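One line per chain: the protein sequences are L, G and D, in this order. Per my numbering, the first sequence starts with residue 255, numbered consecutively. Per my numbering, the second sequence starts with residue 20, numbered consecutively. Per my numbering, the third sequence starts with residue 12, numbered consecutively. Input: a single structure, listed below in structure tokens.
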Amino acid sequence: MGNEARELVLKEVNRELLLNLLAGGKRMDERGPNDYRQVKVQKGVLSTAEGSALAQIGDSKVLCGVKYGEMTPFPDRPTEGVFMVMAEFLPLASPTFEPGPPSPESIELARVVDRGIRSAEVIDTKSMFIEEGKVLGLFIDLYVMDHSGNLTDTAALAAAAALADTKVPRLEGGKIVRGDYTGPLSLTDKPVTSTFIKVGDKILLDPLRSEEHAQDCQLTVGTVDGYVVCMQKSGSGSMTKAEVMGCIDIALEKGNELRSHI
Amino acid sequence: METPELIKDGKRLDGRALDGLRPIRIMAGVLKEAEGSAFVEWGGNKVICGIYGPRECIPKHDASPYKSLLKCRYTMSPFASLEEHGRSGPNRRSTEISKVIREAFDSVVMSGEFPKTQIDIYVDVLQAEGGTRIAAIAAAAVALANAGIPMKDMISGVAVGKIGGQLAVDLGKAEDNLGESDMPIAFTHRGKEIVFLQMDGKLTPEELSRNIDAAMEASDKVYALQAEALRKSYDSEGGQELEM
Amino acid sequence: MERIVLPGDVVWEREVFASGTWVKDGITYAKVPGMLRDEKFIPLEMAYRPKVGDNVVGIVVDERNAGYMVDLNLPYNGVIPTRKVRISLRLGGMVYGKIAFVDEVGNVDIGEVDKLPAGKLITVPASKVPRIIGKKSSMLNQIRDISGSSVFVGNNGYIWIGQKGNMQLVMKALDLIIRRAHTTGLTDQVAKYLDENR
């Protein structure tokens with residue numbers, strides 16, 4: 255059975271049940287609609303990377319490694335460093351992940367996390383200038399290791415925690431001295447995301463995989479303290495303005511809760 | 020650049036004796052989705068392995084009516100090395116390693132029980148410090164057992180080599196780069212059959228023979244840790260929480 | 012006396028044909044992790060192989076001329092042959108049935124099929140199913156009684172839980188059984204748990 259057919263069947267399997275449960279004020283597990291599963295963050299788990307963290311939301315696990323490199327700057331910003339976010343959906347993370355080129359889902363996830371970090375301007379890219387024609391590059395790699403739903407929030411949390419763990423390498427003659435650091439990366443904030451699904455007329459935070467199967471659509475809201483810094487609606491359903499505003503309020507509150515784990 | 024002295028007063032760079040292993044920590048059943056899994060920290064190596072299958076063989080025309088097709092994908096993360104950021108995904112090195120790891124397990128996995136299917140071994144090196152393929156084999160054996168894939172025997176191994184003119188067990192990264200020879204080797208635990216063997220360098224037959232004996236002895240210590248990890252996975256409540 | 016045995020370990024110094032073991036030169040070895048208790052080998056993990064007469068829970072995933080194709084948590088879908096179907100099924104619908112036929116490569120026909128209404132489908136390791144059912148269904152019956160839920164257990168590792176009753180309690184009890192499947196006195200442990208958490 256192809257993955258698309260499987261998704262359709264899984265939607266059928268989970269949707270009626272979830273709708274019935276929601277009508278009785280319940281969801282697939284014992285949480286309330288706006289509760290996160292258990293959140294756990296381990297920082298500094300890799301000694302080969304300049305920054306790293308393993309984030310877990312429920313059984314979902316994402317590892318983030320941050321590496322510095324020397325790069326040519328973009329022509330329109332010759333004095334600014336460059337950072338980029340990439341995501342790998344490891345085949346060991348889910349029976350539906352297959353080895354091969356990046357899927358649209360993994361590219362979407364990386365770009366949403368990237369937008370949150372970029373819009374919040376948490377990294378001072380001007381401080382990453384080395385010399386004319388040469389800047390520091392910051393590679394933020396997200397390794398999805400276990401997929402039990404809501405990968406986006408798990409990945410954004412891993413990225414924020416890994417950045418908070420990142421040490422700036424010492425430069426010598428315009429070159430990085432590996433394993434030698436000048437101090438921690440200075441960050442203005444810790445951007446995280448909160449993801450909601452809409453099922454029928456109900457909205458749930460931090461969906462389980464089985465709840466995602468039953469969803470109409472999904473909304474991710476990235477926040478720093480007091481501000482929304484990115485949003486992404488995905489899936490084919492629709493939401494009203496009131497629903498979106500409701501998600502934003504909860505995301506701002508829950509964002510602080512997530513940040514407390516970093 | 021000055022070459023550091025790899026052996027001084029009978030001790031190696033990290034203070035180990037010539038036949039000493041780096042610290043090894045193994046956990047079984049650390050992933051929820053995979054049907055079997057293991058995490059191995061071996062010196063500065065961190066490796067995670069997940070197993071899926073027996074499941075539908077894709078592409079279908081690869082399927083054998085007599086047995087399950089064992090597949091292995093070993094990859095290295097872009098942040099695995101202290102050096103510059105790497106490229107993710109398979110390359111020539113990882114493709115070769117994937118092939119020989121798969122063949123090592125082909126000799127113990129009882130694939131005839133599951134015709135027309137495939138069994139996937141996915142190993143990802145999260146952090147590397149020399150000897151990743153041997154750490155990958157240690158992880159894969161535990162993960163396969165954790166998945167309930169029938170095996171005639173467990174597999175464990177170690178890299179042995181020659182540094183500073185002397186035989187040494189479990190080479191670290193500097194020893195691998197600067198030493199005279201590196202020989203990763205893996206054995207079935209009970210049968211002591213060699214199921215994985217690579218070698219580079221220049222050794223006499225006598226040196227090779229001693230290498231194999233030393234590797235066999237060290238592999239038994241690795242096996243003891245693999246077995247302990249599997250036994251421990253039944254003590255703990257709710258599986259093993261992944262501590263990286 | 013009990014001990015955990017790993018693949019390749021000698022279970023008996025003689026020839027015994029038991030699940031989870033294999034024989035060579037008159038010696039019986041383990042091929043999966045197992046518990047050796049009172050001279051009995053209990054596999055702790057084992058990939059499922061279908062047998063005629065096994066009860067299964069499945070999901071209808073396709074409809075073809077030959078019949079309904081059913082996902083059974085196996086490498087290949089099982090079939091409910093058209094000539095045996097007396098009920099109409101829909102894609103994504105869940106069924107409970109018995110394995111009627113298995114060929115040499117593991118293709119499965121399902122008979123005695125009943126339709127299951129919308130409910131929670133969970134996947135458990137097939138090696139733990141015998142403990143979930145218990146002797147003469149003792150374990151399963153006590154879960155059903157105390158939770159008030161309808162529960163159907165497939166040997167294939169799929170379990171269907173009805174919406175009436177305490178679904179969360181059933182899931183927690185199943186989780187407890189899976190974690191402690193190798194321990195003794197499990198029925199009493201679960202009875203105590205159910206009683207404390209009902």
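C-beta: ideal position from N, C-alpha, C; glycine also. These numbers come from a predicted model, not from an experiment.
Going along chain L in order, which residues have a C-beta closer than 7 angstroms to the C-beta of Lys-131 of chain D?
-> Leu-271
Amino acids of chain L, ordered along the chain, whose beta-carbon sits closer than 7 angstroms to that of Gly-10 of chain D | In the structure as shown, chain D begins at 12 and stops at 209. Residue 10 of chain D is therefore absent and cannot be evaluated.
Mind pulling the chain G residues with CB within less than 9 angstroms of Asp-400 of chain L?
-> Val-49, Leu-50, Lys-51, Glu-52, Ala-53, Ser-56, Gly-69, Leu-261
Short CB-CB distance (under 8 angstroms) between Ser-138 of chain D and chain G = yes
Give a yes or no on whether the C-beta atoms belonging to Ile-15 of chain D and Arg-44 of chain G are separated by under 8 angstroms.
-> no
Beta carbon of Gln-174 of chain D, beta carbon of Leu-271 of chain L: below 8 angstroms?
-> yes
If you draw a straight line from the C-alpha of Arg-365 of chain L to the C-alpha of Val-483 of chain L, how long is it?
-> 13 angstroms
Beta-carbon contacts of Gly-370 of chain L that lie in its chain and below 7 angstroms, excluding the five residues immediately before and after | Ala-410, Pro-445, Thr-447, Gly-476, Val-483, Cys-484
Go ahead and pull the three-state DSSP assignment for Thr-223 of chain G.
-> coil
Interface residues of chain G facing Ala-58 of chain D [CB-CB closer than 9 angstroms] | Glu-54, Gly-72, Pro-73, Glu-132, Phe-133, Ile-138, Ala-166, Gly-167, Ile-168, Pro-169
Does the beta-carbon distance from Val-299 of chain L to Ser-306 of chain L come in below 8 angstroms?
-> yes
By the criterion of Cβ-Cβ separation under 8 angstroms, what are the contact partners of Ala-259 of chain L in chain D?
-> Val-72, Asp-73
Is the beta carbon of Ser-314 of chain L sitting closer than 8 angstroms to the one on Gly-391 of chain L?
-> no
Using three-state DSSP, classify Met-20 of chain G as helix, strand or coil.
-> With a pLDDT of 46 at Met-20 of chain G, under the threshold of 50, the modelled position of this residue cannot be trusted; read the value that follows with caution. Met-20 of chain G falls in the coil class under three-state DSSP.
Exposed or buried, Thr-207 of chain G, counting other C-beta atoms within 10 Å across all chains shown (16 or more means buried)?
-> buried
Name the two residues that bound the continuous beta strand (DSSP E) containing Ile-15 of chain D.
-> 13–16
Length of the line joining the Cα atoms of Leu-506 of chain L and Leu-101 of chain G = 37 angstroms
Closest by CA to Ala-205 of chain G, which one among G:Ser-107, G:Ala-154, G:Trp-61, G:Gln-259?
-> G:Ala-154
Chain-ordered chain L contacts of Arg-112 of chain G [CB-CB under 9 angstroms] = Those do not exist, as Arg-112 of chain G stays about 16 angstroms from chain L at its closest Cβ, beyond 9 angstroms.
Would you say Asp-395 of chain L reaches chain G, if we count a Cβ-Cβ gap shorter than 8 angstroms as a contact?
-> yes
On the DSSP bridge assignment, give the partners of Val-451 of chain L in chain order.
-> In the sequence as displayed, the identity of residue 451 of chain L is Ile instead of Val. Ile-451 of chain L pairs with L:Leu-458, L:Gln-472.
At 9 angstroms on the CB atoms, spell out the chain G contacts of Gln-472 of chain L, in chain order.
-> Going along chain G, no residue has its Cβ under 9 angstroms from Gln-472 of chain L, so there is no contact; the nearest lies around 20 angstroms.
Minimum Cβ-Cβ distance from Glu-102 of chain G to chain C less than 8 angstroms | Going by chain labels, chain C is absent from the structure shown, which instead holds the protein chains L, G and D.
Just to check, is the beta-carbon of Glu-236 of chain G closer than 7 angstroms to a non-hydrogen atom of the ligand MN?
-> Ligands in the displayed structure: none, and consequently the ligand MN is not present.
Of all the residues that make up the segment 183–194 of chain G, which are near chain L by a beta-carbon distance shorter than 9 angstroms?
-> none
Could you pull out every residue in the same chain whose Cβ sits closer than 7 angstroms to the Cβ of Gly-9 of chain D, ignoring the five residues on either side in sequence?
-> There is no way to answer for residue 9 of chain D, as the model of chain D reaches only from 12 to 209.
Stretch-stretch touch, CB-based, cutoff 8 angstroms, three pairs: the segment 102–111 of chain G with the segment 23–38 of chain G = no
Spell out whether any CB of chain L is found under 8 angstroms from the CB atom of Tyr-253 of chain G.
-> no
Would you please verify whether the beta carbon of Asn-274 of chain L is less than 8 angstroms from any beta carbon of chain D?
-> yes
Is the segment 436–443 of chain L in contact with the segment 415–423 of chain L, if contact means three or more CB pairs nearer than 8 angstroms?
-> yes
Between the Cα of Gly-491 of chain L and the Cα atoms of L:Thr-333, L:Asp-503, L:Phe-450, which residue gives the shortest distance?
-> L:Phe-450
So, does the CB of Pro-78 of chain G fall closer than 8 angstroms to a CB anywhere in chain L?
-> no
Tell me, please, whether the CB atom of Gln-174 of chain D is closer than 8 angstroms to any CB atom in chain L?
-> yes
With which residues is Asp-443 of chain L paired in a DSSP beta bridge?
-> DSSP lists no partner for Asp-443 of chain L.
Which chain L residues sit within Cβ distance under 7 angstroms of Ala-157 of chain G?
-> Going along chain L, no residue has its Cβ under 7 angstroms from Ala-157 of chain G, so there is no contact; the nearest lies around 16 angstroms.
Identify every residue that forms a DSSP beta bridge with Gln-292 of chain L.
-> BP columns for Gln-292 of chain L are empty, so no partner.
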